[in-house]
Amino acid sequence: MTPASPSCGILSSMSGKPGKSFIIIKEIQYISTFSRAVLYCIVVCVSVLTLCVVLVPGSASDAKLSPELQQLVDDYFNWRLQDMPQFATFVGIHDYDDLWDDMSLPAYQSRYNKSQEFLVQAEALEPNLSLHSDLTNLRVLKDDLLTYIEGYPFQGFLVPLNYMEGPHVDLTHIISWMVFETPQDYEKLLSRYGRLPEQLVQIQALMEEGEAVGFLNHAISMNGVVAGLDGFVVSVAEDSPLWSPLTTFPDNFTQEQITDFQTRGAAIITGQVSPAYQQLRDYVSSYTTRPDIAITSLPNGAAIYRQLLRFHTSTSLTPEEIHQIGLDEVTRIEGEMAKIVSELGYNMTVPEFSAMIKNDSTFYYDNADDLLAGFQDLVYNVITPQVPLVFTNIPQAELSVVADPSPGGTGAYYLSGSFDGSRPGVFYVNTYHYDESPKYVMRTLSMHEGNPGHHLQGSHSIESPNMPYFRRVTDDRNYYQAPSRFPMFTAFIEGWGLYAESLGFEMSLYDDPYDRYGHYSEEIFRACRLVVDTGMHALGWSWQEAVDFMLLHTASSRVEIENEVNRYVTWPGQALAYKIGDLKFMELKARAMAEMGASYDIKQFHEVVLESVGPLDLVEDEVDAWINSVI
């Protein structure tokens, strides 16, 4: 891969004025059966700034850092973009749209070596820094590097395929994030297609290495992968999911150009890509899976799980400690739900009440259009006007509320906007299952995915003048690689989403007891995750025990719970981040209120937290420093 030239490589200058706006889209043209869990794997960042896709080191648009640190963080971020072209495509930097991430074993070793080089530079620079902003950003940079260095030996990248991730799921989305405006853009597409077989071979090589050393997925995680790969094995190019971008061209293209691109594209798809998918499909069909659901059943499995917990929670909590926290939280939240049942005048248990309202048709919309309109009304007319009550410096980024009509979609989820602002942040609502989306959870879901949740937090980061670019965007793909990858700050991102749901109390959005009950029903679901993830992976629980526990303590359907438990089998530790992060934010808020008394300002508390994206110990240190600066 050639380095970026100074004129077209990486982030340079920003121009244009941010403007606040909301977009309502009736339905989307393209959305596959991408599950909510997969889309959680995409970083929450969006901007309405008009951004040049080239950044020059030390540009005035970046955070104000010392020149030496500015150069280092620019070099680091620029290397990340060049090293991972698919990440660059997602964030809206299209210089590498003709390339794929290198997934060979030597490439992972090279990233490890490069991370060590950057760490040496960071540690050499540290004694020369004194400004708080310099030291804070250097701390996050070192955490980035150490996370990869410490996680690399566990080789999480040896299981690159599962039912939620891989070239049968991700590829069409990557292509949809590319730009198609000039002949050069289409040349990049064909070049990227032509290089795809090489990555598919690399994926197989990783899995073969995994089989050799005993690092294996469970059969649950591989269910449906062969069928997904089959969808890319075609004899006619038009039948391939990759054909879509070759069906539409700008008006200024001649018919000769269109025919040329389509002819060459068809030849690549049928002659190179389809056979490569067939080869990978044949290999996967006989792939060896591990017999036990627990990651701890693998060689060195206990150490792998402990590292996964550190990766996703950014704490040193043990599986046993997290398990007990989960049990305690389930008990506490069930108590709150029982109070609401009593308040409503019902003499029944929480499970009985949950079953009753779940089967009450008055809590559901009659059609998909009404469900979407209900979410749009909540987001724009109910929740958004209340955000200024608890936030200052509210981001100006666009937010769209969009229908996801796919049968495979679930609930609601958020997909961030592009780094260049050309794609807004999108709050997707699954309208296919409109009759399974109760009204009483709509407020808490909207606050989690939109404002003040993922959209507000990610937009705040991308618009912050205090964060260098490597902190504004996170390569939040490929959860399977954990813990052997750069951090996603899962506890901060997902913890913030769950914490944002609780702000409905301060924002006077939970006055209705059914909305309050819906809030707690979603919260207890996250608490149960602490119990069942650690139960399955560290404490000997079976898959069925995990399902039964969640059936007993949540209002979710058996199908939804089984899908969730399958996710925990596939991504050990990831689901723990939501509640662990939320509990840390709640702990810090309570501390600030107790120590600051009348000086406490919830808006300033949120500003401090939002400016502290990173591991949870950084957030705690920044909040403590704020408290001490005021009292």
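Residue numbers (my numbering): 37 to 667.
Beta carbons: idealized from backbone N, C-alpha and C, even for Gly.
Terminal residues of the alpha helix (DSSP H) in which residue i lies
i: glycine 337; result: 337 to 349
i: phenylalanine 641; result: 638 to 646
i: alanine 628; result: 613 to 632
i: serine 665; result: 652 to 666
i: alanine 241; result: 219 to 249
i: tryptophan 671; result: Because residue 671 is not part of the residues shown, which for the chain are 37 to 667, the question remains open.
i: phenylalanine 154; result: 141 to 161
i: leucine 559; result: The question names leucine, but residue 559 in the sequence shown is glutamate. Per DSSP, glutamate 559 belongs to the alpha helix (DSSP H) from 549 to 574.
i: phenylalanine 193; result: Looking at the DSSP string, phenylalanine 193 is not in any alpha helix (DSSP H), and its letter there is neither H nor E.
i: valine 128; result: Contrary to the premise, residue 128 reads as glycine rather than valine in this sequence. Where glycine 128 is concerned, there is no enclosing alpha helix (DSSP H), given that its DSSP letter is neither H nor E.
i: valine 426; result: From DSSP, valine 426 is part of no alpha helix (DSSP H); its letter is neither H nor E.
i: isoleucine 597; result: 594 to 606
i: arginine 368; result: 355 to 379
i: histidine 490; result: 490 to 499
i: alanine 263; result: 261 to 266
i: arginine 508; result: 505 to 508
i: methionine 586; result: 579 to 589
i: isoleucine 210; result: 207 to 212
i: phenylalanine 389; result: 386 to 394
i: histidine 484; result: 478 to 485
Nearest-angstrom Cβ-Cβ length linking residue i and residue j, presumed shorter than 8 Å
i: serine 495; j: glycine 447; result: No, serine 495 and glycine 447 are not in contact; Cβ-Cβ is about 22 Å, not under 8 Å.
i: glycine 362; j: valine 567; result: 4 Å
i: phenylalanine 347; j: glycine 609; result: 7 Å
i: aspartate 511; j: methionine 200; result: 17 Å between Cβ atoms; not a contact.
i: leucine 242; j: methionine 373; result: Wrong, their Cβ atoms sit about 45 Å apart, outside the cutoff.
i: glycine 531; j: lysine 620; result: 6 Å
i: isoleucine 210; j: glutamine 308; result: Actually they do not touch by this definition, with Cβ atoms about 18 Å apart.
i: valine 666; j: methionine 622; result: Not a contact, Cβ separation roughly 20 Å.
i: threonine 420; j: aspartate 440; result: About 21 Å; that fails the 8 Å criterion.
i: arginine 507; j: valine 649; result: 6 Å
i: alanine 574; j: threonine 351; result: Contact doesn't hold; Cβ gap of about 15 Å is too wide.
Beta-carbon spacing of residue i, residue j below 7 Å
i: valine 366; j: alanine 563; result: yes
i: leucine 282; j: alanine 518; result: no
i: glutamine 152; j: serine 520; result: no
i: glutamate 247; j: threonine 324; result: yes
i: valine 127; j: valine 509; result: yes
i: leucine 236; j: leucine 316; result: yes
i: leucine 534; j: aspartate 569; result: no
i: leucine 545; j: arginine 479; result: yes
i: alanine 630; j: isoleucine 663; result: no
i: tyrosine 476; j: phenylalanine 399; result: yes
i: isoleucine 340; j: asparagine 602; result: no
i: valine 269; j: serine 310; result: yes
i: aspartate 206; j: serine 102; result: no
i: proline 523; j: aspartate 180; result: yes
i: alanine 391; j: tyrosine 470; result: no
i: tyrosine 553; j: isoleucine 358; result: no
Neighbourhood of residue i by C-beta, 7 Å cutoff - its chain only, sequence neighbours within 5 removed
i: isoleucine 638; result: Val426 and Glu542
i: aspartate 657; result: none
i: proline 219; result: Gln293
i: arginine 300; result: Leu226
i: glutamate 643; result: Thr428 and Asn429
i: leucine 108; result: Gln157, Ala158 and Leu161
i: lysine 178; result: Leu155 and Ala158
i: threonine 349; result: Ala527, Leu612, Ala613 and Ile616
i: arginine 594; result: Leu587
i: leucine 652; result: Ser350, Thr351, Ala527, Phe528, Gly617 and Lys620
Beta-bridge partners of residue i, as assigned by DSSP
i: glycine 301; result: Glycine 301 is not bridged to any residue.
i: leucine 451; result: Val462
i: asparagine 198; result: Glu201
i: arginine 326; result: His254
Element boundaries [beta strand (DSSP E), containing residue i]
i: valine 462; result: 461 to 466
Neighbourhood of residue i by C-beta distance below 6 Å, restricted to the same chain and skipping five residues each side
i: isoleucine 305; result: Ala273, Ser276 and Leu278
i: histidine 204; result: Gly264 and Leu265
i: aspartate 676; result: The chain is shown only over 37 to 667; residue 676 falls outside these bounds and no answer can be derived.
i: phenylalanine 285; result: Ile294
i: serine 68; result: Low confidence applies to serine 68: its pLDDT is 34, below 50, so where it sits in the model is not reliable, and the reading given next is rough at best. Within the same chain, serine 68 has no close Cβ partners at all.
Sequence-distant residues of its chain with Cβ nearer than 8 Å to residue i (five each side left out)
i: valine 423; result: Ile430, Asn487, Pro488, Leu492 and Met543
i: aspartate 328; result: His254
i: glycine 187; result: Gln343, Phe347, Ala518, Pro519, Ser520 and Arg521
i: isoleucine 597; result: Val583, Met586, Leu587 and Thr590
i: glutamine 65; result: Unreliable positioning characterises glutamine 65 in this predicted model, as indicated by a pLDDT of 31, which lies under 50. The coordinate reading is nonetheless provided below. Answer for glutamine 65: no residue qualifies.
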